[in-house]
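Written below as structure tokens is the structure these notes are about.
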């Protein structure tokens, strides 16, 4: 059976679990969207969607879902300067220099859903380079000025991987509350 292209897998269970937090009708950005699994998910829920990816074939495949931008966000300028999103989804992607751009693009009351590989993953597969693995509790540190709704860090079995994931909301207050849940798919 051929491997699925990035973005053709089913919606992340983490993203699906917290989708209800987004304001009705807000625009959702799927960053490093691949072939748009989360764009499809949020479009089906009635949200305007936008995807950004450096792969022109992937962007062509998702253009019918909403706004699609082909951009190399690691080597070029941030293509969304001045734009704000009510929802932002980032999965299986990490480029630390983009943290300020990601956080700046989150609208007031906007929800960030982030899920990617973390330290320990080098023991079970790829990615294995520290540049592409979150350090212990790194997402909590990055999102320290947002309200933390949920955070998980640990090992998942199917497929075997170490992950870190967070759901955080930009609110006017600096109140920070961490709620920890048992890891599950």
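Numbering (the working numbering), first residue to last: 1 to 185.
Note that beta-carbon positions come from the ideal geometry of N, C-alpha and C, so glycine has one too.
Let's see if you can read the secondary structure: which residues bound the alpha helix (DSSP H) around residue i?
i           : result
residue 165 : Where residue 165 is concerned, there is no enclosing alpha helix (DSSP H), although the beta strand (DSSP E) it sits in stretches over 161-169.
residue 60  : 56-62
residue 40  : 37-44
residue 15  : 13-18
Distance check for residue j and residue i, CA to CA, integer angstroms please.
i           : j           : result
residue 187 : residue 164 : The requested residue 187 is not part of the displayed model; the chain covers only 1 to 185.
residue 108 : residue 169 : 8 Å
residue 158 : residue 124 : 12 Å
residue 86  : residue 27  : 6 Å
residue 95  : residue 117 : 12 Å
residue 23  : residue 110 : 8 Å
residue 128 : residue 120 : 8 Å
residue 98  : residue 148 : 20 Å
residue 139 : residue 166 : 7 Å
residue 70  : residue 56  : 6 Å
First and last residue of the beta strand (DSSP E) that includes residue i?
i           : result
residue 142 : Element bounds for residue 142: not the beta strand (DSSP E) but the alpha helix (DSSP H), 138-142.
residue 107 : 106-117
Using the rule of at least 16 other Cβ atoms within 10 Å of the residue's Cβ for burial, across every protein chain shown, is residue i buried or exposed?
i           : result
residue 181 : Since pLDDT at residue 181 reaches only 46, below the 50 mark, its modelled position is unreliable, and the value read off the structure follows with that caveat. Result: exposed.
residue 53  : buried
residue 115 : buried
residue 160 : exposed
residue 25  : exposed
residue 81  : exposed
residue 2   : Because the pLDDT of residue 2 is 46, which lies under 50, any placement of that residue in the model is unreliable, and the question is left without a value.
residue 30  : buried
| Runs of beta strand (DSSP E) lying entirely within the region 67-92, each at least 3 residues, in chain order | Within the region 67-92, the complete beta strand (DSSP E) runs of at least 3 residues are 67-70, 85-91.
| request: Give a yes or no on contact between the region 129-147 and the region 39-58, applying the rule of three or more CB pairs nearer than 8 Å. | output: With fewer than three CB-CB distances shorter than 8 Å, the region 129-147 does not count as touching the region 39-58.
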